[in-house]
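**Q**
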Amino acid sequence: EPEVTQTPSHQVTQMGQEVILRCVPISNHLYFYWYRQILGQKVEFLVSFYNNEISEKSEIFDDQFSVERPDGSNFTLKIRSTKLEDSAMYFCASIRTEGNTEAFFGQGTRLTVV
Amino acid sequence: GNSVTQMEGPVTLSEEAFLTINCTYTATGYPSLFWYVQYPGEGLQLLLKATKADDKGSNKGFEATYRKETTSFHLEKGSVQVSDSAVYFCALSDRPGRRALTFGSGTRLQVQP
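For the record, the sequence lines run as chains A and B.
Mapped onto our numbering, the consecutive letters of the first sequence carry residue numbers 1 to 114.
Mapped onto our numbering, the consecutive letters of the second sequence carry residue numbers 1 to 113.
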């Protein structure tokens, strides 16, 4: 069964460093998302991406965040200068087409900023 | 804006007990409603969904009915198992695909043998 894969599963970084979280969505999917879940809290939407551009972003997704689909398969989330409060589980998700109701989620990347 | 409210957890039940996890929502238009499950150490998996009023979603013995009049989508299971121990998230989307999911805060279920 096709799945969304994320790497790494766990990343520890020092405050102020840049991190790149990687995702490979399901190959025939067109809509891509990043969500985050701070430990013990709700899953929060960060950004959605379609047709090589951001289609929607939340207020969390400020200038320190960026997304890219560099090669037609990977979908990356970059955090330029990490803060302690960026520590969270980051989930990538994809949906095949608009109107399709099932989002497929990856296993997540646990980011720990120290 | 859209919002989802779930009952506070954790919920602790004995095996074979009846489960209800309440979920209510606020949304514009006619959203699609979902329950996602997160097993320990894993990502989110779609458990069931309903796309219009009075639809009943069901999967693995779990059920939820889309109630427009009460803006609710409560999750139920007649007889829980230890393997159902997980965190359950209610979610909605008012434009599936184009617009992201809005999640509730999650309810942790612990089933004891």
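The beta carbon of each residue, even a glycine, is placed where N, CA and C say it ideally should be.
#1: Could you please give the first and the last residue of the uninterrupted beta strand (DSSP E) stretch that includes B:GLY57?
#2: Provide the residue(s) that pair with B:VAL4 in DSSP beta bridges, ordered along the chain.
#3: Which residues mark the beginning and the end of the beta strand (DSSP E) in which B:LEU92 is found?
#4: Using the Cα positions of A:THR143 and A:ARG22, report the straight-line distance between them to the nearest angstrom.
#5: Quick one: measure Cβ to Cβ for A:LYS57 and A:LEU39, integer angstroms, because I've assumed they're closer than 8 Å.
#6: List, in chain order, every chain A residue whose beta-carbon is nearer than 9 Å to that of B:PHE73.
#7: Please state whether DSSP places A:VAL47 in a helix, a strand or coil.
#8: When you compare the CB of B:LEU46 with every CB in chain A, is at least one pair closer than 9 Å?
#9: With DSSP collapsed to three states, give me the class of B:LEU101.
#10: My understanding is that B:PRO31 touches B:ASP84, with C-beta atoms under 8 Å, so please give their C-beta distance in whole angstroms.
#11: Assign B:GLY116 to buried or exposed, taking buried as 16 or more other Cβ atoms, counted over all protein chains shown, within 10 Å of its Cβ.
#12: For the beta strand (DSSP E) that contains A:TYR31, what are its first and last residues?
#13: Report all residues from its chain with a CB closer than 8 Å to the CB of B:GLY61; omit the five preceding and five following residues, and keep chain order.
#14: Taking three-plus beta-carbon pairs below 8 Å as touching, is the region 15-31 of chain B in contact with the region 22-36 of chain A?
#15: For a quick check, are the C-beta atoms of B:LEU109 and B:LEU13 less than 9 Å apart?
#16: Let me know the secondary structure DSSP gives A:SER94 once reduced to three states.
**A** The short version:
#1: Taken as a continuous stretch (DSSP letters only), the beta strand (DSSP E) holding B:GLY57 covers 56-59.
#2: Per the DSSP secondary-structure output, B:VAL4 pairs in a beta bridge with B:TYR25.
#3: Here the beta strand (DSSP E) through B:LEU92 covers 86-93.
#4: This structure leaves residue 143 of chain A out entirely; chain A is present only between 1 and 114.
#5: With a Cβ gap of about 23 Å, A:LYS57 and A:LEU39 do not count as contacting.
#6: What B:PHE73 touches in chain A: nothing, since even the nearest Cβ is about 14 Å away.
#7: DSSP places A:VAL47 in strand when its eight states are reduced to three.
#8: Yes, B:LEU46 counts as interfacial toward chain A.
#9: Residue state, collapsed to three classes: coil.
#10: That pair is no contact at about 26 Å.
#11: Here chain B has residues from 1 to 113 only, and residue 116 of chain B is not among them.
#12: Looking at the DSSP string, the run of the beta strand (DSSP E) that includes A:TYR31 is 31-37.
#13: Non-local beta-carbon contacts of B:GLY61 in its own chain, meaning distances under 8 Å to residues more than five positions away in sequence, involve LYS77, GLY78 and SER79 in chain order.
#14: Output reads no: the region 22-36 of chain A does not touch the region 15-31 of chain B.
#15: Yes, the pair counts as a contact, with Cβ atoms nearer than the cut-off.
#16: Assignment of A:SER94 by DSSP, reduced to helix, strand and coil, places it in the strand class.
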